Structures are given as C-alpha cells and as structure tokens.
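One structure is given below, encoded as structure tokens.
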Amino acid sequence: MPPLVATIPWLIAALLMGGWGWSAWHHRRARRKLEHTALTLARISQAVESASDAIGIGDFEGNSVYHNRAHMQLFGYTVEELNAVPEVGVLFADLKVAAEIHASIRAGNSWHGETEVRTKDGRTVPAFVRADIIRDESGAPVGIFGVFTDITERRAAEKALAEERERAARAQRLESLGMLAGGVAHDFGNLLTIILGNTAILRMKSAELPPDAGKRTAAIESAAWRAQELSKNLLSFARGSAPQLRTLVIGPLVAEAAKGAVVHSNVALNLDLAPDLLPVKADPVQMDQVISNLCVNAVQAMGDAPGRALEVSAINQQGWGGAASGTPFDGPVVRVTIRDNGPGIPAEVLPRIWEPFFTTKEKGTGLGLATVYAVIKKHGGSITVESEAGRGTVFTIILPAVANAGADASAAADQGAS
Ligand SMILES: Nc1ncnc2c1ncn2[C@@H]1O[C@H](COP(=O)(O)OP(=O)(O)OP(=O)(O)O)[C@@H](O)[C@H]1O
Ligand SMILES: [Mg+2]
C-alpha cells in the first residue's frame, strides 16, 4: 500500500504540529484565565472602593488593612491614622458594642446590628453595621470585613413618621374629648344659670334669712361663678367657635397680649417683632386668647425668681417643614415664638400638656393649651413646643401668611399698627 506509507510522514508531521498547536492553545488559555482573574480582582477592588457603604478590612490583631472611600468620608480616618489610635473600638460610640462585635468574631460568628458610630471629629452617626469573617479557600479565618451603612436619613424619616402618627393620634384624642366636653359643658352651663339665678335671689333676700345663710349663699355664688367660667372655657375649647377670619398683621395684637400677661409680675418682657410682618388670616379675639394663654403659662411657670424673662418674637419665614405638627407648607409664613427661662416642662409631662384638663397647677383648668391647639389648628397653622429642664420652654406658632394681601390687608395692617 504505497499511498498509505507515503502519507505516514505527513501524518506524523500533522500530529507533531497538532501537539504544538495544543500546547500553544493551553498556554493561551492559561494566560486568558490569568488575565480574567486579574480583571476580576481589579473589578472587585474597584467595586469595594466605589461602594457607597463604608467598608473596612482588618486583621485579628485589631489592625486596619484597608478602607474604602466611603469609610474615609464617614469616619475621616486614613488606615494609618486609625492604626495609630491606641484605643480599641474607637469607631464605636459605645465601647460595649465594639467588645460584643469582637467577641462574636472571635467565636467565629458574624455580627450585624444598628448602633452609633463615632467619627474622627467626634460626631456620632447612626449606622447599620455588619462584621463578617474573611476566610481563605480552605475556610481558615484570615481577616474581618466590616460594612457600615449610614442610616441618618432613615432614622430621621422614622422619627418624622412616629411624630406624625403621634400628632394624628393626639388630634383624634382631642377631638373626641372635645365633643364629650362640649356636650357636658353645655348642659352644665344651663344648670349653673339656674343655680346662679337662685343664689342671686337668695342674696337679695339675705335680710330675711338666718345670719349664717348670707355667708353661705355668697360662697355658693362664688363657686358657681367659677364653675361658670370653667364651663365657658370648656365650651370655647370644645366648640372653638369658628374663627372670624380677618386679614391682619398680628404684631400689635401679640405685643398687647404679652404686655397684659406680665403686667402684674416681675418678669421682664423682651419683644422682638419684625417691622415688616406679613399679614395673616386670623380671628383677632381667638389669636389674643392664644398669645395670652401661652404668655400667662410662661409667667406662671417662671414665678418671681429674679432674672426671669419672657421673650416674644415674630418674624416672616419662607415655608415650614411641618414634620412635628401640621402639613408641610411652601409659602410664606409668620412665625411667633414665646420663650421663657423658667423651670421647663419635665419630659414625662411634655406629651400631656395639650390634653384638656391636664394641669399641674392647683387652680388650673388645664384647658389653656387645649384651646390654643384647637384655635391654631382651625387657623391652618401649627404649634410646637420645645422644653429643657432648668432652661425654659419655647412655643412656636406658624401661621400661613397672606402673600397677595391686597386692599383688605393694608387696611387691616394700618388699623393694627395704629
Ligand atoms: N411655659 C411653661 N413652662 C412650664 N410648664 C408649662 C408651660 N406652659 C404649660 N406648662 C404646663 O402645661 C400644663 C397645661 O397648661 P394649660 O395652659 O393647658 O393648663 P393650666 O395652665 O394648668 O391651666 P389654665 O390654663 O386653666 O390656667 C400646665 O399645668 C403646666 O404644667
Ligand atoms: Mg394655662
């Protein structure tokens, strides 16, 4: 078979060449694999470096090995700076948490949870922290991988939501209490009218009565008057008769109400009312009631210790957040603040001050702030309180301003300013 014999050298040559080709292919494949691995590693490190969460890698001796950019931005330390800090757990506001994470990692478990972290410039930031053990191919632990997610915004949103829920619940509570109180006050007022009418007759006939009876009648009458006053307050809170809205600049009204509140006290009054206050739509009688109630409360809280001062200010402002009370509002508003440097409202009392009948005073009706709240709400405004034990209390009222006030406003403003 000469032709076959003739093809053998070609076959060998082809095999040999094929072998060379085979090894070159292997070589190329290995190189491509290497290149691919290098590229993957580069991408992993770029991804870690560009991640928006703060990422840090450390060893088991507590040394930092690597920080990404977000870590630098959150904490402010370079790796070298962090390694130079002698204390352990310096990234955590609470050292107990740092110890807990350390113990968990030592025991071979990852850790995750929400905590406060501490930055180089001493700020504390709420963060979700995840600490994982880095293991090599054989599963042996080689390092710690820490991821910190800044949850400031989420916390703020949660707080705003909780406040909003609390506000809605309070509004509902006040509404149902108001309806009940209004009903009782109305009937009560009628009964008191009968009592007062009859005691007045008795007073006139006191000469015909036994000597002691006159004194007793006077006592009944004065108690009935007080009850009448209470029932009137109650009605004004409950019904909060619909405000008779007028466009007016409330500066002069605020000033008069504040002066009236301090007149029989040793409290100094500092008035700071912007001269260009925008007009608002308000019922002057109800608004006077609001400012008076707040100022009287402040004066009563301050007592007559020396150095007591009531600061009442009003300014224009663009919009208000409305997170704590009321709907957010973009337009111009007038902000009135009533600040005292009295004893402050204890934290456990603070949530209750708006409730009708809640009072810490022997002779208080506890209807002042409930009425204030109802009036401001009917005006489409907002009222908030901040208080610090020993330092004082500040009430802030926001009323939407009338942007294009027109003739009505200028007339009312002129009248108000005169
Ligand atoms: N500026 C303030 N400083 C400290 N505590 C205050 C202040 N304003 C209000 N309070 C607290 O809030 C409670 C409720 O106030 P509110 O005006 O509703 O009722 P009151 O003043 O007790 O009674 P009334 O208004 O009928 O005289 C007060 O009893 C007081 O404990
Ligand atoms: Mg009061």
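For the sequence shown, the residue numbers in the working numbering are 184 to 601.
For glycine and all other residues, C-beta sits at the position ideal for the given N, C-alpha and C.
Here the structure is a predicted model, which means the values were calculated and not measured.
**OP:** Quick one: grab the DSSP three-state call for Ala584.
**Re:** strand
Original post:
Does any heavy atom of ligand 1 sit closer than 7 angstroms to the C-beta of Lys303?
Top reply: no
Subject >> Identity of the residue in Arg318, Pro309, Val300 and Gly563 nearest Ile288 by Cα >> reply: Arg318
**OP:** Name the two residues that bound the continuous alpha helix (DSSP H) containing Arg356.
**Re:** Thr335 to Met387
Original post:
The beta strand (DSSP E) spanning Lys464 covers which residue range?
Top reply: Val463 to Ala465
Subject >> Three-state secondary structure (DSSP) of Asp513 >> reply: strand
**OP:** Use the C-beta contact count for Thr543: other C-beta atoms within 10 angstroms, 16 or more gives buried, fewer gives exposed.
**Re:** exposed
Subject >> Proximity test, Gly272 beta-carbon vs ligand 2 heavy atom, cut-off 7 angstroms >> reply: no
**OP:** Quick one: give me the first and last residue of the beta strand (DSSP E) that Ala453 is part of.
**Re:** First, the residue type needs correcting, since residue 453 is Asn and not Ala in the sequence shown. Unbroken beta strand (DSSP E) run through Asn453: Ala451 to Leu456.
**OP:** Classify His447 as buried or exposed, calling it buried when 16 or more other Cβ atoms lie within 10 Å of its own Cβ.
**Re:** exposed
**OP:** Any chance you could list the alpha helix (DSSP H) runs of at least 4 consecutive residues sitting entirely within the region 238 to 289, in chain order?
**Re:** 252 to 258, 262 to 267 and 278 to 289
Subject >> Three-state secondary structure assigned by DSSP to Leu477 >> reply: helix
Original post:
Pro426: which of Gln472, Glu347, Thr223 and Ala221 sits nearest, CA to CA?
Top reply: Gln472
Original post:
What is the DSSP secondary structure of Val532, counted as helix, strand or coil?
Top reply: coil
Subject >> Limits of the unbroken beta strand (DSSP E) element including Ile559 >> reply: Run containing Ile559: none in the beta strand (DSSP E); it sits in the alpha helix (DSSP H), Gly551 to Lys561.
Original post:
With distances taken between CB atoms, is the gap from Val437 to Val516 smaller than 8 angstroms?
Top reply: no
Original post:
For His369, which residues of its own chain have a beta-carbon under 7 angstroms away from its beta-carbon, when the five flanking residues on both sides are left out?
Top reply: Leu418
Subject >> Paired residues, beta bridge with Ile521 - DSSP >> reply: Val495 and Phe578
Original post:
Can we count Asn480 as close to ligand 2, meaning its CB is less than 7 angstroms from some heavy atom?
Top reply: yes
Original post:
Going by the CB atoms, is the gap between Leu552 and Asn499 shorter than 8 angstroms?
Top reply: no
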